[in-house]
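A quick write-up on the structure given underneath.
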Amino acid sequence: MGRLSGHLLPGFFFISFALWWAYNIFFRYYVSRKEAVINGRSRKCLRYKSSLLFPCHTCCNGAPVEAFLIVAATTIGIIGELVTGFRGGQFVNVGNTQHMSMYFFFGLMAFVNILLHYKFSIPPSTDYAVALLAIVNEALLFANHLHGRPPMDVLVHTLLLYPMAASLLCGAIEMAYRCQVLAALGRTYGTIVQGTWFCHVGFILYPLPGMRVWDQEDHSQMTVITTLFTVHLAVDLIVLMVIAGIVNLRVRMMDRPSVQRVLKNINVRFMKDSNGSNGDATRAMISESEDEL
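Following the UniProt record's numbering, the numbering of the sequence shown begins with 1 at its first residue and continues without gaps.
What follows is the structure in structure tokens.
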């Protein structure tokens, strides 16, 4: 990542997948709320269930397209870091090994999600466990990635540890309580902050011609950097609120059969993720939902 493209690429992927998660989380949540209203239940009794990644139900027969994309993206990242690490026939960019490690664990997370989707005999929520391990690995790499760097370089990368910690905490809560929408949104928020800040860090450390060149030893400029990070926190939160509003409007226009179909797809997906655990309870929920609707 010792170049602009090395920051923009992971930043773009973090942003893209986080926006996809936000849309799907809000969609499931508002559909669950509408189903509760239709059937005269309290909105506190929602049938919302979270998942780490989200399949595409409008194409590919609900295949885990997102997981396949993550595997492909991380594979490309590993190959890119490996190729650019060589100079004169020798591997000289040792720092690239850390980036390859980060890509590997996120790719492994997606691979495990694919195995769960196709009902391989592995424990339920293994994809969550690997995702948490990937975040721990990422934080460990960044914490030990800054030796001998200028103070501003250290600061901009240290700030990334905060959204990582938020994603880790929220992801752990989400894994334990799959009905907690705020935990899922917290994980998503931490991811999108990582993505937008990754991109901004690239332009701070490797400005394009004509852009401002930061003095990496100036402590007053580092104060500005911290303020810019808080701007990212605010703007990213506003983005999630806008997505929530758009999704809410869409769900309001859905009819009963559409709500029934969406909930059935969600429950089938949950059974696949659970790999058979809680299967009877989930089937009963599907049947009950169909009877009520």
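Virtual Cβ for every residue (Gly too), placed ideally from N, Cα, C.
(1) Rounded to whole angstroms, what is the Cα-Cα separation between F111 and F105?
(2) With a cut-off of 8 Å on the beta carbons, I'd call Y118 and G77 a contact; round off their distance for me.
(3) DSSP puts F86 in a beta bridge; with which residues?
(4) Rounded to a whole number of angstroms, what is the C-alpha to C-alpha distance between V37 and V259?
(5) Note down, in chain order, each residue of its chain lying with its Cβ closer than 7 Å to the Cβ of N93, except the 5 sequence neighbours on either side.
(6) Please state whether DSSP places I38 in a helix, a strand or coil.
(7) Using the Cα positions of T97 and L108, report the straight-line distance between them to the nearest angstrom.
(8) Which residues mark the beginning and the end of the alpha helix (DSSP H) in which C179 is found?
(9) First and last residue of the alpha helix (DSSP H) that includes L46?
(10) A183: which of I79, A172 and H145 sits nearest, CA to CA?
(11) Using the beta-carbon count (16 or more within 10 Å), is L237 buried or exposed?
(12) Out of curiosity, what's the CA-to-CA distance linking I114 and G190?
Let me lay it out:
(1) Roughly 10 Å separates the two Cα atoms.
(2) At roughly 24 Å, the Cβ-Cβ gap does not stay under 8 Å, so Y118 and G77 are not in contact.
(3) Per DSSP, F91.
(4) Distance from the CA atom of V37 to the CA atom of V259, rounded to whole angstroms, is 11 Å.
(5) In chain order, T84 and G85 place their CB closer than 7 Å to the CB of N93, counting only its own chain and leaving out the 5 sequence neighbours on each side.
(6) The three-state secondary structure of I38, taken from DSSP, is helix.
(7) Cα to Cα, the separation comes out at about 16 Å.
(8) No alpha helix (DSSP H) holds C179; DSSP gives it neither H nor E.
(9) Note, L46: premise wrong, no alpha helix (DSSP H); not H, not E.
(10) Looking at I79, A172 and H145, the one whose alpha-carbon comes closest to that of A183 is A172.
(11) The Cβ neighbour count for L237, taken over all protein chains shown within 10 Å, is under 16; the residue is labelled exposed.
(12) I114 and G190 have their alpha carbons spaced roughly 23 Å apart.
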